[in-house]
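Only one structure is covered here, and it is reproduced in the block below.
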Amino acid sequence: MRLSVAGYKIDEARCRKLINHIRTTDILPGLIATSGGYFLAENEAELLDYEESRLGRENAIKEVRLAIARQRRILFEDAHKPQEGSIF
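In my numbering, the protein residues as written are 5 to 92.
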C-alpha cells in the first residue's frame, strides 16, 4: 500500500520512519499512536498510559531477543566444541 501525503507518494515503512523521527526529535511533543491513528496527548495521563504501553512492548521485544540468543547458544555452541574422543 502506498500513502499519499501532501502530494508525495510514500510507503508505510517510510511513513513509520518519519513518525519515529518526529517523535525522537520532539517535533510534535506528545504524539501518540492508537489503532485509530495518531493524535496529540491532551493531558499527562494519556501520555503516561501510552508510555507504559510502550514499556510493555519494549519488555516483550527484549524477552524475544533474549530467547533467540539462548536458542542460538543451544543450537550452535555445541557445534564449536570438540567431539568426545576426538583429538581435535
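The beta carbon of each residue, even a glycine, is placed where N, CA and C say it ideally should be.
As the structure is a computational prediction, the values presented were derived from the model and not from experiment.
Item: In chain order, each beta strand (DSSP E) run of at least 3 residues that lies wholly inside the stretch 5-55; Value: 6-9, 12-15, 35-38 and 41-44
Item: Buried or exposed (CB count within 10 angstroms, at least 16 for buried), I72; Value: exposed
Item: Assigned secondary structure, F80 (DSSP; H/G/I helix, E/B strand, else coil); Value: helix
Item: E62 (DSSP reduced to helix, strand or coil); Value: helix
Item: Per-residue DSSP class, three states only, for E67; Value: helix
Item: C-alpha distance - V68 paired with R74, whole-angstrom precision; Value: 10 angstroms
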